[in-house]
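What follows is a set of notes on a single structure, which appears directly below.
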Amino acid sequence: MNWYKYWYYTIYFIYDHFSKNAEDNKIYSIGFFSLVIYMLFTVLGCFINNFFDFELIGYIAHPFSHLIFILITFLINNLLFDNTINARKDRMLYKEFKTQRKNVFFILLTIGIIFMFNYNAIYLKKYFF
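Written out as structure tokens, the structure reads:
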């Protein structure tokens, strides 16, 4: 199981722990995971804008491109994780491979990305958008 799917299923089982509605958990975890991936790429883009000054990067940082990127990310994640048969197999595979150390790492990574996104949105505003 690759790190991308493992990260998603870590988020999925956190949602599953709090709510027992499987359909809602699937949609909310796909949406939240897409948002976290969007935040990761936005933070990386902010750091690139901070270190380099190219005209092309200004177009990439346009709010419409952010909206398009998050929609594309959501659609890709929806195609990857919404298929019930494959998701059931992957969830069983996740339960076999999961370790507490990996889960803590991916939870801390998610919290760190959210923190960095908010820090960049507040303090590095001119490089952010």
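Just so you know, numbering that gives the first Met the number 0 puts 21 at position 22 of the sequence shown, and the rest follows in order with no gaps.
Cβ coordinates follow ideal geometry from the N, Cα and C atoms, glycine included.
Note down the Cα distance separating residue i from residue j, rounded to an integer number of angstroms.
i, j, result
"I67", "F50", "24 Å"
"H65", "I75", "15 Å"
"D15", "I47", "36 Å"
"S184", "F63", "Lying before the first or after the last residue shown, residue 184 is absent from the chain, which here runs from 0 to 128."
"V35", "A120", "14 Å"
"F105", "L70", "23 Å"
"L43", "E22", "32 Å"
"Y118", "F73", "24 Å"
"N1", "K97", "12 Å"
"N24", "C45", "31 Å"
"F12", "K4", "12 Å"
"Q99", "F32", "20 Å"
"N102", "L108", "10 Å"
Compute the beta-carbon to beta-carbon distance between residue i and residue j, rounded to the nearest angstrom, for a pair I have assumed lies under 8 Å.
i, j, result
"D89", "I29", "Not a contact, Cβ separation roughly 13 Å."
"I112", "M38", "5 Å"
"T41", "F116", "6 Å"
Next item on the list: Decide yes or no for the touch test of the region 86–100 against the region 2–9: beta carbon pairs closer than 8 Å, at least 3 of them.
Entry: yes
Item checked: Contact the region 117–124 vs the region 19–33: 3+ CB pairs below 8 Å -> no
Checklist line | Whole alpha helix (DSSP H) elements within the region 86–125, 4-residue minimum | finding: Every alpha helix (DSSP H) stretch that sits fully inside the region 86–125 and reaches 4 residues is listed by chain position as 99–122.
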